[in-house]
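To start, the structure itself, in structure tokens.
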Amino acid sequence: MNISPEKATWFLFIQGDLNVFSSLFKGYYPLLHNYGYKITADIALTEDCLQDFFLYLYEHRKNLGEVDHVKSYLFVSFRRAIFKKLKEKRKFIFIDDSYEASADFEFSAEELTIQKEFNLIQKSALALLLNQLSAREKEVIYLKYQSALNTKEIAAVMNISYQSVLNTLQKAFVKLRNTVENDTIRAILKEL
Amino acid sequence: MFLNIVSYIKMKETNDQFLEKLLNDSSFENWVLKNNKNDIVFWSTYLKNNPDKLEVIFTARSIVGGILFKKNSLSDVFVDEKFNAVLEKIQLQERQKGIKLAHQSKIKTLKIAIASIAAIFLLLFAFNGFDDGQVTYKTGFGETLNLKLADGTSVVLNGNSEISYQKNTPREVKLSGEAYFIVKSIPSTHAKFWVLTDDIKVEVYGTQFNVRSRDQKTDVLLDEGVINLVLENGENKQMIPGELVSYSKEHLTHKKIDKSLKYAQWKNSTYIFNNMPLEEVMKYIEDTYGLPSQFENPEAKSLVLSGGIPNENLNICLTAIQKSVGVQIQIQEDKLIIN
Chain A
1 MNISPEKATW FLFIQGDLNV FSSLFKGYYP LLHNYGYKIT ADIALTEDCL
51 QDFFLYLYEH RKNLGEVDHV KSYLFVSFRR AIFKKLKEKR KFIFIDDSYE
101 ASADFEFSAE ELTIQKEFNL IQKSALALLL NQLSAREKEV IYLKYQSALN
151 TKEIAAVMNI SYQSVLNTLQ KAFVKLRNTV ENDTIRAILK EL
Chain B
1001 MFLNIVSYIK MKETNDQFLE KLLNDSSFEN WVLKNNKNDI VFWSTYLKNN
1051 PDKLEVIFTA RSIVGGILFK KNSLSDVFVD EKFNAVLEKI QLQERQKGIK
1101 LAHQSKIKTL KIAIASIAAI FLLLFAFNGF DDGQVTYKTG FGETLNLKLA
1151 DGTSVVLNGN SEISYQKNTP REVKLSGEAY FIVKSIPSTH AKFWVLTDDI
1201 KVEVYGTQFN VRSRDQKTDV LLDEGVINLV LENGENKQMI PGELVSYSKE
1251 HLTHKKIDKS LKYAQWKNST YIFNNMPLEE VMKYIEDTYG LPSQFENPEA
1301 KSLVLSGGIP NENLNICLTA IQKSVGVQIQ IQEDKLIIN
């Protein structure tokens, strides 16, 4: 008789239970808001899109099908919705319609906190380094560490393979470590 | 040349596999986060003995450590407003479609608990009579009571506790003391389940959880499912399994259970204590059995208890405590003497 709470939530949501819908909304709105703003850098657009998105979910709930993992489902669908909205506003020109094109995230020092590995460099310096990574690397880092998605979920959201996600993470951190080590040495040399 | 390419590809593959293994290994995680002495020793040694794996290990360590971001900063009020805006639109549409929502009037007050998939069980009889439509169950010191409420929810009531509800609202229970709930939900009627204590209201759906309300403080520890707490000041707090919320007079703590957290949980006739000083453990015993403790040796008060203490009766319970921390407990008529 053990139905996962996730499946229970979704089942009730499809029935039209407004209280479940409220929980879903309040639970995921902040995460998606942050994600949308990261992609578009436009608060009004993000909030507009979010409202339409949740409305759409509720209106079409009966046609959404089985959802095994609510979090990645919401991220995937919202990402689609955001890109669609961006296209409408012509802020983004796709060469093709694939999800390969990721928006260009910008990280800021304000959203970082005390780091484990990179704690000797300033947050502003770290933000700068992060922004030098590729768009894909930035998005993977964002989804993994800010939105707390696991590798499988990230693969689903970005429409890339599981191995791709791991490779991207690897590349990103190797780059970061190398840069930090070089810059530190350089900084030390500058001081002399 | 061909052999080199093949061995390079093989090496890359094994490196990839190794990286994945590392990332999924909790002992490796413990080494990175310095959580566990044994794991720290193991991996430090491994690193020394396998210098060829240095790169992969350092990369895996970076990934596990990650980049730390600040938490999301949207206020609850803001999100509530956004939700209400969406809700208005939904209601508008529904009205336009000419469909009357069964729960339209209830939408205004969203302090409603939810039920998930359910089954319907037989009624149990009330402990007291049915006068003025209220049903009450009460346990004396040292008693436990297994209940199935009128709606099918299972409740185990610990000693010195009381639970009551009105007959016409069987899914709204008042609790003083301690109980463990397994709530069944009823999707056909969208019936809500609430637990009310002096400090907070617990909004429930499809969950198993422990509520302890004593001395003007309420603790809720969630095992399974999702619950929403409505505090005295109207604030909402959502919980997920493995979390403990403690609320008393406007002071709230919300923690994730981990090995270092001090907490107590009561479930399946067993007390589960973690990092709990004996003095506090004995306070739990006093609440449940009505016997205060007298410590002959004041140092014993700070002995730490971690583990499961069976709670079927006082003797079993005290024997377990004695064995666990190495004290002697003598039962006297109105108190316990601890050496």
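The listed protein sequences derive, respectively, from chains A and B.
First residue of the first sequence: 1, per the numbering used here; consecutive thereafter.
First residue of the second sequence: 1001, per the numbering used here; consecutive thereafter.
Using N, Cα and C, we set each Cβ at its ideal position, and we do this for glycine too.
No experiment lies behind these values; they were computed from the predicted model shown.
Run of the beta strand (DSSP E) containing residue i, from where it starts to where it stops
i                  : result
arginine 1171(B)   : 1169 to 1182
valine 1156(B)     : 1154 to 1157
serine 1248(B)     : 1243 to 1248
glycine 36(A)      : Glycine 36(A) -> not in any beta strand (DSSP E); alpha helix (DSSP H) instead, spanning 18 to 40.
asparagine 1336(B) : As written in the sequence, residue 1336(B) is leucine, which differs from the asparagine given in the question. That run of the beta strand (DSSP E) goes 1336 to 1338.
asparagine 1024(B) : Counting along the chain, asparagine 1024(B) falls outside any beta strand (DSSP E), and DSSP gives it neither H nor E.
serine 1293(B)     : 1293 to 1295
isoleucine 1331(B) : 1329 to 1331
threonine 1136(B)  : 1134 to 1138
Supposed contact pair residue j and residue i - C-beta distance, whole angstroms, cut 8 Å
i                     : j                  : result
valine 1304(B)        : proline 1277(B)    : 6 Å
alanine 41(A)         : glutamate 106(A)   : 7 Å
asparagine 31(A)      : isoleucine 1067(B) : Correcting the residue identity first, residue 31(A) is leucine in this sequence and not asparagine. Between isoleucine 1067(B) and leucine 31(A) the Cβ distance is about 16 Å, and since that is not below 8 Å, they are no contact.
leucine 128(A)        : glutamine 115(A)   : Contact doesn't hold; Cβ gap of about 14 Å is too wide.
leucine 1060(B)       : leucine 1019(B)    : First, the amino acid is wrong: residue 1060(B) is alanine here, not leucine. Contact holds; Cβ gap of about 6 Å.
phenylalanine 1058(B) : tryptophan 1043(B) : Wrong, their Cβ atoms sit about 12 Å apart, outside the cutoff.
valine 1204(B)        : valine 1183(B)     : 5 Å
leucine 1157(B)       : leucine 1147(B)    : 6 Å
leucine 1196(B)       : glutamate 1172(B)  : 7 Å
Min CB distance residue i to chain B below 8 Å
i                : result
isoleucine 14(A) : no
tyrosine 37(A)   : no
glutamate 117(A) : yes
tyrosine 73(A)   : no
threonine 113(A) : yes
histidine 60(A)  : no
tyrosine 56(A)   : no
arginine 177(A)  : yes
threonine 206(A) : Outside the shown range of chain A (1 to 192) lies residue 206(A), about which nothing can therefore be said.
glutamine 122(A) : no
serine 77(A)     : no
glutamine 170(A) : yes
serine 164(A)    : no
valine 157(A)    : no
glutamine 51(A)  : yes
Identified DSSP bridge partners for residue i
i                     : result
tyrosine 56(A)        : DSSP, once it has assigned bridges, lists no residue as partnering tyrosine 56(A).
histidine 971(B)      : Outside the displayed span of chain B (1001 to 1339) sits residue 971(B), for which this structure offers no information.
valine 1220(B)        : Val1211(B) and Val1245(B)
phenylalanine 1273(B) : Ala1264(B) and Gly1307(B)
phenylalanine 1193(B) : Val1204(B)
phenylalanine 1042(B) : Per DSSP, none; premise fails for phenylalanine 1042(B).
glutamine 1238(B)     : Asn1228(B)
Contact with chain A by residue i, beta-carbon distance below 8 Å
i                  : result
glutamate 1088(B)  : no
glutamine 1093(B)  : yes
serine 1105(B)     : Residue placement at serine 1105(B) is flagged as unreliable, the pLDDT there being 45, under the threshold of 50; the coordinate-derived value follows with that caveat. No - not a single Cβ of chain A is within 8 Å of the one on serine 1105(B).
glutamine 1238(B)  : yes
asparagine 1228(B) : yes
aspartate 1016(B)  : yes
leucine 1019(B)    : yes
glutamate 1232(B)  : no
leucine 1122(B)    : Its pLDDT being 24, under 50, leucine 1122(B) is placed unreliably in this model, and the value from its coordinates should be taken loosely. Closer than 8 Å: no.
glycine 1142(B)    : no
glutamate 1224(B)  : yes
Pick from the options that is closest to residue i, judged by C-alpha positions
i                   : options                                           : result
glutamine 15(A)     : Cys49(A), Leu57(A), Gly36(A) and Gln51(A)         : Leu57(A)
leucine 24(A)       : Lys1082(B), Val1056(B) and Asn1036(B)             : Lys1082(B)
aspartate 1223(B)   : Asn1210(B), Gln1294(B) and Lys1217(B)             : Asn1210(B)
glycine 1065(B)     : Lys1174(B), Asn1030(B) and Ile1321(B)             : Asn1030(B)
asparagine 1339(B)  : Asp1076(B), Val1135(B), Pro1170(B) and Glu1296(B) : Glu1296(B)
methionine 1282(B)  : Ser1164(B), Ser1176(B) and Val1325(B)             : Val1325(B)
glutamine 1322(B)   : Ile1309(B), Asn1313(B) and Asp1334(B)             : Ile1309(B)
serine 1306(B)      : Asn1313(B), Asn1315(B) and Ala1320(B)             : Ala1320(B)
glycine 1140(B)     : Thr1197(B), Glu1312(B) and Thr1288(B)             : Thr1288(B)
phenylalanine 53(A) : Leu112(A), Phe75(A), Gly65(A) and Ala8(A)         : Phe75(A)
isoleucine 1344(B)  : Glu1312(B), Gln1294(B) and Asn1313(B)             : Nothing can be reported for residue 1344(B), as the shown portion of chain B is limited to 1001 through 1339.
leucine 1074(B)     : Pro5(A), Asn34(A) and Ile141(A)                   : Asn34(A)
alanine 1300(B)     : Ser1161(B), Leu1291(B), Leu1318(B) and Glu1279(B) : Glu1279(B)
glycine 1290(B)     : Ile1040(B), Leu1336(B) and Val1327(B)             : Leu1336(B)
leucine 1252(B)     : Pro1241(B), Ile1200(B) and Lys1012(B)             : Ile1200(B)
Limits of the unbroken alpha helix (DSSP H) element including residue i
i                  : result
proline 5(A)       : 5 to 15
alanine 1288(B)    : The sequence given here has threonine at residue 1288(B), not alanine. Unbroken alpha helix (DSSP H) run through threonine 1288(B): 1278 to 1289.
glutamate 1088(B)  : 1076 to 1097
glutamate 1055(B)  : 1054 to 1065
tyrosine 232(A)    : A query on residue 232(A) cannot be resolved here, the shown segment of chain A reaching from 1 to 192 and no further.
lysine 1148(B)     : It is not in any alpha helix (DSSP H) - lysine 1148(B) instead sits in the beta strand (DSSP E) that spans 1145 to 1148.
isoleucine 1321(B) : 1314 to 1325
Under 7 Å (Cβ pairs) to chain C, residues found in the segment 1059 to 1085 of chain B: Among the protein chains of the structure shown, namely A and B, there is no chain C.
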